[in-house]
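Peer 1:
In the numbering used here, the protein residues as written are 706 to 828.
So this is what it looks like as structure tokens:
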């Protein structure tokens with residue numbers, strides 16, 4: 706599946722503007738420290754819309770080998786609109802057999818060891 710340029714650009718922009726929590730977690734998982742390879746902000750094809758446009762989702766971190774996705778949630782994710790989008794995104798990914806782990810900024814900033822244990826448990 707060819708990824709459209711607009712999706713590639715969005716993915717690149719997300720990689721270049723990672724949050725503090727994403728940067729911290731990336732330092733731990735980028736070099737195989739969890740024994741599997743993760744990609745950051747990698748577009749995933751999910752389906753074609755009724756208008757024949759392909760739909761992609763861009764998770765924060767993605768492990769192809771384990772079909773594991775890590776989403777980092779900041780305070781914006783508590784807003785009803787964002788929470789509803791998160792629920793829809795997770796449902797789509799679960800229907801495609803992806804496992805989604807949600808980790809909050811607070812977990813990463815205050816107890817990275819527990820966040821890493823949560824990830825290891827799902828690997």
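For glycine and all other residues, C-beta sits at the position ideal for the given N, C-alpha and C.
Closest by CA to residue 747, which one among 723, 728 and 765?
Peer 2: 765
Peer 1: Going by C-alpha to C-alpha distance, which of 814, 707, 806 and 714 sits closest to residue 768?
Peer 2: 806
Peer 1: I need the straight-line Cα distance from residue 796 to residue 822, nearest angstrom please.
Peer 2: 24 Å
Peer 1: Start and end of the alpha helix (DSSP H) containing residue 733?
Peer 2: Residues 725-734.
Peer 1: If you check the beta carbons only, do residue 817 and residue 733 fall under 9 Å apart?
Peer 2: yes
Peer 1: Looking at the structure shown, is residue 771 part of a helix, part of a strand, or coil, going by DSSP?
Peer 2: For residue 771, the secondary structure class from DSSP, reduced to helix, strand or coil, is coil.
Peer 1: Looking only at its own chain, which residues have a Cβ that is under 8 Å from the Cβ of residue 706, when we skip the five neighbours before and after it?
Peer 2: 750 and 759
Peer 1: Check residue 808 in the structure and name its three-state DSSP category.
Peer 2: strand
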